[in-house]
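Peer 1: So the sequence lines, in the order shown, correspond to chains A and B. One rule links them: number in this note's numbering = place in the first sequence (from 1) + 38. One rule links them: number in this note's numbering = place in the second sequence (from 1) + 145. We treat Cβ as the ideally placed atom computed from N, Cα and C, and that holds for glycine. Model, not experiment: these values are computed from the prediction. Can you keep this structure in mind? I'll have questions shortly.
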Amino acid sequence: DTAVSQTPKYLVTQMGNDKSIKCEQNLGHDTMYWYKQDSKKFLKIMFSYNNKELIINETVPNRFSPKSPDKAHLNLHINSLELGDSAVYFCASSQGGGRGGYEQFFGPGTRLTVL
Amino acid sequence: QQQVKQSPQSLIVQKGGISIINCAYENTAFDYFPWYQQFPGKGPALLIAIRPDVSEKKEGRFTISFNKSAKQFSLHIMDSQPGDSATYFCAASTANDYKLSFGAGTTVTVRA
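If you want it as structure tokens, here you go:
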């Protein structure tokens with residue numbers, strides 16, 4: 039029944055490692071997003087994909103690489119992890135081609151801690 | 146540069162009281178103004194949304210007031226309950242935007 043799911047929920051790793059976070063939505067939406075929420079709870083859009091095509095890339099370091107194998111999945115791969123990457127990462131999805139005015143459904147988040 | 150400014154950063158209200166959160170924006174092209182509610186350890190979820198053709202929208206104890214000329218909108222939580230304790234985010238977008246611009250969030254604590 040889960041609408042937007044993410045794995046893993048927690049990720050603890052050392053600086054310099056490479057890690058991936060997976061996201062899946064079963065809502066039939068055509069657009070998926072990755073957000074970063076920092077320790078002050080500020081939500082910042084990172085990427086958005088519509089029908090597997092990148093439509094938003096918000097000046098994110100190229101160590102972050104999203105991949106959308108199909109409309110229902112959007113994964114986030116992070117290379118050479120840095121301390122500043124520690125945050126909660128949320129996946130979300132919506133209808134409407136990613137345009138404004140549509141509800142975004144968020145996943146439960148992945149708390150990434152870089153030591 | 147934050148396109149939506151939200152205040153206060155946090156507020157504490159007694160059970161049964163009214164919580165008021167304010168947001169202001171500059172982009173007059175914004176035409177969709179949602180509020181998201183986030184509980185600790187969970188993802189944000191849409192609470193209520195408004196478009197600028199109306200000045201107020203009410204859903205249960207939650208009301209959005211919208212002032213187009215002042216470019217401001219606010220969330221009122223009436224008869225606040227401990228279960229309303231959460232972080233609330235205002236947001237805005239245009240029909241042609243591919244993204245939501247979020248405010249910085251307000252942490253609401255309702256004391257029993």
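Can you give me the C-alpha to C-alpha distance between residue 171 of chain B and residue 246 of chain B, rounded to a whole angstrom?
Peer 2: 12 Å
Peer 1: Specify the secondary structure class of residue 227 of chain B as computed by DSSP and reduced to three states.
Peer 2: helix
Peer 1: Is there a Cβ of chain A sitting closer than 8 Å to that of residue 238 of chain B, yes or no?
Peer 2: yes
Peer 1: Beta carbons nearer than 7 Å to chain B: which residues of the stretch 59-79 of chain A have them?
Peer 2: Those residues of the stretch 59-79 of chain A that come within reach of chain B (Cβ to Cβ, closer than 7 Å) are 79.
Peer 1: Listing by chain order, which chain B residues have their CB less than 9 Å from the CB of residue 46 of chain A?
Peer 2: By Cβ distance, chain B contributes nothing, its closest Cβ being about 14 Å from residue 46 of chain A, past 9 Å.
Peer 1: Would you call residue 145 of chain A buried or exposed, if buried means 16 or more other Cβ atoms sit within 10 Å of its Cβ?
Peer 2: Result: buried.
Peer 1: Under a Cβ-count criterion, where at least 16 other Cβ atoms within 10 Å of its own Cβ denotes burial, should residue 152 of chain A be classed as buried or exposed?
Peer 2: buried
Peer 1: Pull up the distance between the alpha-carbon of residue 79 of chain A and that of residue 250 of chain B, whole angstroms please.
Peer 2: In a straight line, the C-alpha of residue 79 of chain A is about 7 Å away from that of residue 250 of chain B.
Peer 1: Quick check: the Cα distance between residue 70 of chain A and residue 180 of chain B, rounded to an integer number of angstroms?
Peer 2: 19 Å
Peer 1: Using a beta-carbon distance below 8 Å, is residue 190 of chain B in contact with chain A?
Peer 2: yes
Peer 1: Looking only at C-alpha atoms, which of B:191, B:202, B:199 and B:159 sits nearest to residue 233 of chain B?
Peer 2: B:191
Peer 1: Report, in whole angstroms, the separation of the C-beta atoms of residue 158 of chain B and residue 210 of chain B, which I expect to be a contact under 8 Å.
Peer 2: Not confirmed; about 17 Å, so no contact.
Peer 1: Counting beta carbon pairs with one atom in the stretch 105-117 of chain A and one in the stretch 51-69 of chain A, are three or more of them shorter than 8 Å?
Peer 2: Segments in contact, yes.
Peer 1: For the stretch 157-179 of chain B, which residues have a CB atom closer than 9 Å to at least one CB atom of chain A, in sequence order?
Peer 2: 175, 176, 177 and 179
Peer 1: Cβ atoms of residue 135 of chain A and residue 240 of chain B: under 8 Å apart, would you say?
Peer 2: no
Peer 1: Could you please give me the residues that DSSP links to residue 140 of chain A through a beta bridge?
Peer 2: Per DSSP, none; premise fails for residue 140 of chain A.
Peer 1: One question on the structure: do residue 102 of chain A and residue 83 of chain A come within less than 8 Å of each other, judged by their Cβ atoms?
Peer 2: No, these two residues do not count as a Cβ contact at 8 Å.
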